[in-house]
Each structure stands twice: as structure tokens, then as C-alpha cells.
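Input: a single structure, listed below in C-alpha cells.
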Amino acid sequence: MTAETVHTELPPLPTTRPNPFDPPAEYARLREEAPISRHVWPNGVEAWLVTRHADVRALLSDTRLSVNRFASPPPSLSLGRGSGVMLPKSLIGMDPPEHTPRRQLYVRELTVRKILRLKPRIEAIVDSLVDEVARHDPPVDLVETFCQPIPSLVICELLGVPVEDRADFQKHTQVILGVGSDAGRVQEATVALMDFMRELVEYRRREPGDDILSRLAVAEVDGGPLSVEELVGHGMLLLIAGHETTANMIGLSVSTLLSHPPALAALRADPAGTAAQAVEELLRYHAVIQFGLVRKATADIAIGDVMIREGDWVVCSLASANRDGRACPHADQLDVHRPPARQLSFGHGVHQCAGQNLARVEVQVALTRLFARFPNLRLAVPFDDLPFRTDAWVYGLRELPVTW
Amino acid sequence: MRVTVDLDRCCGSGQCARTVPEVFDQSEETGLVILLDPTPPADLRPDIEDATYRCPSQALTLH
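In C-alpha cells form, the structure reads like this:
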């Protein structure tokens with residue numbers, strides 16, 4: 071760090087939520103008074119925090135901001151559980167033009183039309199999990215029995231993980247994603263999953279099936295196949311990116327609807343007509359990537375009243391952008407009847423979540439099937455006792471005990 | 017009303033196909049936008065404006 075970048079007077083990143091469903095109150099003041107301003111992150115790194123919807127949108131589609139975070143430590147919470155295992159580079163660490171043809175290999179698998187074709191399988195997976203929950207005596211923790219297995223089983227299906235390997239696969243992903251897992255176990259499970267993914271990639275190169283990994287394994291980019299290491303990276307990204315986010319979004323959505331009876335009543339009265347709009351609003355209300363998306367400026371960028379300098383870190387707060395009254399009236403209220411919300415929870419620009427069409431349908435199916443099956447579903451503990459993941463990169467619930 | 021798409025900008029997020037399936041689809045090969053109807057009926061204008069706003073990579077233009 072050079073002398074001129076040390077500003078000890080900079081305020082710390084605001085992180086304290088007034089309640090579990092609202093982002094830090096400080097964001098509202100920043101949107102009015104200092105919409106793009108510098109803060110010190112818990113690990114000591116300084117970064118610009120972008121809080122208005124329009125600025126977040128503009129900067130995330132600005133090609134002068136890079137996703138390459140490898141050259142120096144990015145702003146972070148330093149509370150995270152680094153696994154100590156470096157995952158191979160994948161889409162989220164690549165800028166165009168390297169990113170461009172590879173992203174197409176993902177998005178062609180996750181088009182609106184393909185996800186619609188997959189929907190009956192998602193419904194079958196969710197229904198079997200709902201049946202399993204119903205066989206328990208309440209109270210039951212929905213995070214473990216419902217929220218986490220849904221994306222896990224769906225991604226097994228998409229990646230072509232053989233049925234006999236799925237139990238192991240799920241066990242390892244639960245360890246990686248479990249907030250309570252210690253670093254040693256996370257590292258072990260990550261290594262096991264990478265070994266598993268490497269074997270699966272090599273197998274699918276010899277015997278391609280009808281799945282994403284097989285098509286990635288035989289795909290050509292710039293006239294040649296992708297290396298096994300890169301394929302492992304893509305497999306791990308597909309696994310992890312769609313997993314923790316979706317699982318936490320389902321848990322948050324269930325707890326939010328249980329706490330907002332009119333919204334839940336609307337969903338129950340007309341699931342087919344309401345689910346898509348309700349989930350869009352829930353996505354706006356809860357940006358699970360709670361601290362935002364991290365980028366690095368590769369050039370000086372003048373925006374608003376500030377000049378972001380080449381080399382500066384920029385964090386686009388999705389949670390703040392979603393609550394910006396300029397983009398969404400009465401933004402702090404959950405309103406499942408509003409026209410489809412303009413939310414940025416999937417990001418914006420060429421790195422916008424490639425799995426968003428899948429995630430939407432997973433959450434929609436999860437909510438409609440769960441509430442249809444359990445008309446008397448309710449929290450098994452007082453709301454104030456619910457354990458939220460306040461210090462995790464992906465916000466959500468550690469446990470969601472329910473009864474019926 | 018005329019709509020154009022820029023395949024060099026498109027990143028295949030599918031927001032247009034989700035918002036206005038009558039006008040936009042996605043390629044099975046690349047996931048990128050397919051323009052089904054370059055001169056859509058006027059009553060679709062609000063939806064197409066919405067899709068244009070939602071497009072993450074400014075690949076749609078409404079003339």
C-alpha cells in the first residue's frame with residue numbers, strides 16, 4: 071500500500087442491520103449524501119461503495135471494471151471461512167474476450183426455454199423433498215431438509231452426476247456450505263469434490279452423456295478443447311454458484327412469507343398467477359450477496375461527483391440498489407403485487423448470473439409446493455431467535471425450524 | 017416500432033426472452049438472442065421497453 075492511499079479517517083463499511091430483513095440503515099443516508107464513497111473493509115482494504123440503483127447498474131456494465139481479483143487482496147470481511155484450496159479459474163475470474171465464448175457454453179444450457187423443459191424435474195425433486203419433510207415429526211429444520219437439497223439435487227441432474235454418487239456429492243457440498251463447518255473439514259470436502267469433478271470430467275470426455283459437463287468436455291473454444299483443470303473449475307463454479315445462493319434465497323423467502331401474512335395469503339390464493347411476481351419481489355427485497363459485487367478499475371472512471379482511479383476497488387451494493395426509491399417506489403416495503411420489480415440481485419453486465427432463470431424457477435417451485443403441502447406451516451421458534459448469517463458473504467439463515 | 021439486436025453485445029442472460037417471449041428467443045447453440053419479430057405490434061412497446069432496460073449488456077435497441 072502506498073502512502074497516498076492510506077486514509078485512516080475513512081469510515082468502516084456499514085454492516086449492522088436494523089433487523090434481519092433490512093440492509094444497514096446507513097445505506098439510505100449514503101444514497102442521499104454520498105452515493106459513491108470510500109470505506110475501509112474489515113480486512114483493512116479500502117474500496118468505493120456504490121449505493122444507488124442507477125450507478126450500480128451503470129458500473130456493473132462498464133467494461134473498465136474488471137472481475138480479476140488475483141493481483142492484490144480484494145476488500146473482504148476477513149471473517150469468511152477461506153477453504154485454503156484455490157479453485158481453478160472459471161467464468162467469475164475472467165474478463166472479455168476470454169470470458170465471452172466460455173459464457174456462451176453456460177448460458178446455452180440455462181436458457182429460459184431449457185429451464186421450462188426442466189421444470190417438471192424440479193417439481194418432482196421438490197415434491198419428493200416435501201414428502202420427506204412431512205414424514206418427520208415437527209419441528210424440522212428446513213435449511214437442512216429442504217433449502218439446501220433442492221439446488222444440490224438439481225445441479226446433480228444438470229451436471230450429470232451419476233445417481234449412485236449423489237449422496238457423497240451432497241454430503242461434501244453440505245460441509246462446504248455449512249456455516250458451522252471448520253476450515254479443515256471444508257478443505258477436505260473441497261479437495262474431495264474437485265477430485266470427484268476431475269474423474270467425472272475425464273469419464274464424460276470418453277463417454278459423453280446428455281448433460282452440461284459432457285457438452286463442456288467436448289466443446290471447442292478458440293479451435294481446441296478446454297483443459298481438464300479448466301473443466302474442473304467450470305464444474306465447481308456451476309456447483310457452488312448456484313447452490314449457496316439458491317438455498318439461502320429459499321430459506322429467506324420462506325421466513326419472509328411466514329412473517330408477512332398478506333403476501334403469503336396472496337401466494338396461496340393464486341400460486342400459478344402470483345409465484346413469478348412474488349419471487350421477483352423477494353429477490354429485490356433480499357439481495358443474498360449481501361455486501362455486493364467486487365470489481366477493480368482498470369482506468370480512471372468519472373461518475374457522479376467522484377473520480378474512481380485506476381487500480382481502485384469498487385463494490386456495487388446490490389442490497390442498497392434494490393432499496394433505492396429512485397428505481398422502486400416504497401422500496402423498503404415487501405409488495406408482491408407490484409409490477410415485476412427492477413432488482414439487481416443477479417448483478418448486471420456481462421457477468422450477470424448465468425443461472426438466474428434456473429434460480430427463479432427453483433425458488434418459485436419450492437415456495438408453491440411447500441406452502442401447498444403445509445397449510446399451517448409456521449416458525450417453531452420466536453422470530454427473534456432465528457439465526458441469520460450476518461457475517462457470511464451469502465446472507466440467509468443457518469437454521470429454519472418450522473412446525474405445522 | 018422496430019427492434020434491433022446486437023449479437024456482439026448480447027451475453028445470453030435471457031431477460032428479453034423471459035420478458036417478451038413473443039419477440040425474443042435464445043439460440044440453443046450459444047444462448048444468444050434470436051429476434052423473432054423485428055417489427056412487433058405497438059401494444060408490446062411497454063414490455064419491450066422493460067426488456068431493453070433489463071438487458072444486462074445493452075444488446076437491444078428500440079427504434
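Protein sequence lines, in the order shown, are assigned to chains A and B. FYI, the numbering for the first sequence is 71 to 474, going by my numbering. FYI, the numbering for the second sequence is 17 to 79, going by my numbering. The beta carbon of each residue, even a glycine, is placed where N, CA and C say it ideally should be.
{"Check": "Which value, in whole angstroms, describes the spacing of the CA atoms of Ala424 of chain A and Leu23 of chain B?", "Outcome": "17 Å"}
{"Check": "Would you please state the rounded distance, in angstroms, between the beta carbons of Ala462 of chain A and Thr315 of chain A? I believe it to be under 8 Å.", "Outcome": "With a Cβ gap of about 11 Å, Ala462 of chain A and Thr315 of chain A do not count as contacting."}
{"Check": "Would the beta-carbon of Ile282 of chain A fall within 8 Å of that of Leu129 of chain A?", "Outcome": "no"}
{"Check": "Might you give, ordered along the chain, the residues of its own chain that have their beta carbon closer than 8 Å to the beta carbon of Ile246 of chain A, omitting 5 neighbours on each side?", "Outcome": "Ser153, Val256, Ala259, Thr260, Leu263, Ile310"}
{"Check": "Which residues of chain A have a Cβ atom closer than 9 Å to the Cβ of Leu48 of chain B, listed in chain order?", "Outcome": "Gln174, Val177, Arg178"}
{"Check": "Quick check on His356 of chain A: buried or exposed, where buried means 16 or more other Cβ atoms within 10 Å of its Cβ?", "Outcome": "buried"}
{"Check": "Taking only the alpha-carbon atoms, compute the straight-line gap between Leu119 of chain A and Glu380 of chain A and give it to the nearest angstrom.", "Outcome": "16 Å"}
{"Check": "Hey, quick one: how far does the beta strand (DSSP E) through Asp41 of chain B stretch, first residue to last?", "Outcome": "40 to 42"}
{"Check": "Any residues in the region 176 to 210 of chain A with a beta carbon nearer than 9 Å to a beta carbon of chain B? Which ones, in chain order?", "Outcome": "Tyr176, Val177, Arg178, Glu179, Leu180, Thr181, Val182, Arg183, Lys184, Ile185"}
{"Check": "Quick one: what's Met377 of chain A bridged to in DSSP?", "Outcome": "A:Ala372"}
{"Check": "Run through the DSSP bridge pairs and tell me what Glu290 of chain A is partnered with.", "Outcome": "A:Pro295"}
{"Check": "Ser160 of chain A versus chain B: which residues are under 9 Å apart at the beta carbon?", "Outcome": "Under the 9 Å cutoff, chain B gives no residues; its nearest Cβ is about 16 Å from Ser160 of chain A."}
{"Check": "How far does the alpha helix (DSSP H) with Thr170 of chain A in it reach, from first residue to last?", "Outcome": "169 to 177"}
{"Check": "Might you give, ordered along the chain, the residues of its own chain that have their beta carbon closer than 7 Å to the beta carbon of Gly303 of chain A, omitting 5 neighbours on each side?", "Outcome": "Leu157, Pro158, Lys159, Ser160"}
{"Check": "According to DSSP, simplified to helix, strand and coil, what is Leu51 of chain B?", "Outcome": "strand"}
{"Check": "Quick one: does Asn392 of chain A have its CB under 8 Å from some CB of chain B?", "Outcome": "no"}
{"Check": "Rounded to the nearest angstrom, what separates Ser329 of chain A and Leu51 of chain B at their Cα positions?", "Outcome": "42 Å"}
{"Check": "Identify whether His418 of chain A lies in helix, strand or coil by the three-state DSSP scheme.", "Outcome": "coil"}
{"Check": "Would Arg61 of chain B count as contacting chain A if we go by Cβ distances under 8 Å?", "Outcome": "no"}
{"Check": "Between Thr20 of chain B and the rest of its own chain, which residues show a CB-CB distance below 6 Å, the 5 nearest in sequence each way excluded?", "Outcome": "Thr77"}
{"Check": "Checking 8 Å against the spacing of the C-beta atoms, do Val364 of chain A and Pro166 of chain A come in under that value?", "Outcome": "no"}
{"Check": "Could you say which of A:His206, A:Phe239, A:Thr326, A:Asp211 lies nearest to Pro221 of chain A if we only look at CA atoms?", "Outcome": "A:Phe239"}
{"Check": "CB Leu135 of chain A to CB Thr121 of chain A, shorter than 8 Å?", "Outcome": "no"}
{"Check": "Under 8 Å by Cβ, that's how I've got His123 of chain A and Leu83 of chain A pegged, so tell me the actual separation to the nearest angstrom.", "Outcome": "That pair is no contact at about 19 Å."}
{"Check": "Could one say the Cβ of His418 of chain A lies closer than 8 Å to chain B's Cβ atoms, at least one of them?", "Outcome": "yes"}
{"Check": "Counting pairs of beta carbons, one from the region 50 to 64 of chain B and one from the region 206 to 226 of chain A, are three or more of them closer than 8 Å?", "Outcome": "no"}
{"Check": "Among all the DSSP beta bridges, which residues are the ones paired with Val364 of chain A?", "Outcome": "A:Val385"}
{"Check": "Which one of B:Glu38, B:Arg70, B:Ser73 has the shortest CA to CA distance from Ala58 of chain B?", "Outcome": "B:Glu38"}
{"Check": "Quick one: is Gly362 of chain A buried, meaning 16 or more other Cβ sit within 10 Å of its Cβ, or exposed?", "Outcome": "buried"}
{"Check": "Under 8 Å between C-beta atoms, does Val39 of chain B make it to chain A?", "Outcome": "no"}
{"Check": "Identify each residue in the region 424 to 447 of chain A for which the Cβ-Cβ distance to at least one residue of chain B is less than 9 Å, and report them in chain order.", "Outcome": "Ala424, Gln426, Asn427, Arg430"}
{"Check": "Just checking, does the region 448 to 455 of chain A make contact with the region 24 to 31 of chain B on the three C-beta pairs under 8 Å criterion?", "Outcome": "no"}
{"Check": "Please confirm whether Gln42 of chain B and Arg285 of chain A have their CB atoms less than 8 Å apart.", "Outcome": "no"}
{"Check": "Between which two residues does the beta strand (DSSP E) carrying Glu116 of chain A extend?", "Outcome": "116 to 120"}
{"Check": "So which of B:Val49, B:Glu45, B:Glu44 has the shortest CA-CA distance to Thr35 of chain B?", "Outcome": "B:Val49"}
{"Check": "Report all residues from its chain with a CB closer than 6 Å to the CB of Thr438 of chain A; omit the five preceding and five following residues, and keep chain order.", "Outcome": "Pro341, Ala345"}
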